[in-house]
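For the sequence shown, our numbering assigns the number 121 to the last residue and increments by one with no breaks.
All residues carry an ideal CB built from backbone N, CA and C; glycine is no exception.
Given the structure is predicted, the values throughout are model-derived calculations rather than measurements.
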Amino acid sequence: MTRKSKAQVYGRIQLYDGDEPKGLPFTVVGREWWALQQLIEAGEKGCTPIDNPAPRWAHYVWLMRGNGIDVETIHETHGGQFPGSHARYVLRTKLSVVDEVGSLAA
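Structure below.
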């Protein structure tokens, strides 16, 4: 019996330096694509793992940075029974979505 692979979702994006395209469009796949979509939709507000639950936000951001996508990490403190801090990620790179295939739910 052969094992079926999961349906792959992806987006092709173009980065910009000002108004000029920076390099060629490239493909972002799977959860990294999902996380990038979340950052695009959130805009200046950004995303936290609490508001946009996913198992490995820091890894998705690390992958994006490796592809030249600038994502700012803002450390926010919180109180309560278990005080500490959490990260808020904000997309800082100007980009456009050239093509996208499929949808990946959280």
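Residue j beta carbon less than 8 angstroms from that of residue i
i          : j           : result
residue 91 : residue 105 : no
residue 80 : residue 89  : no
Cβ neighbour criterion (16 or more within 10 Å) applied to residue i
i          : result
residue 50 : buried
residue 53 : buried
residue 56 : exposed
One or two residues paired with residue i in a DSSP bridge
i           : result
residue 36  : 31
residue 43  : 26
residue 116 : 25
Heavy atom of the ligand FAD within 7 angstroms of residue i beta-carbon
i          : result
residue 97 : No copy of the ligand FAD appears in this structure; indeed no ligand is present at all.
Where the beta strand (DSSP E) containing residue i begins and where it ends
i           : result
residue 102 : 99-106
Delimiting residues of the alpha helix (DSSP H) encompassing residue i
i          : result
residue 80 : 72-81
Beta-carbon separation (whole angstroms), residue i vs residue j, contact threshold 8 angstroms
i          : j           : result
residue 64 : residue 101 : 7 angstroms
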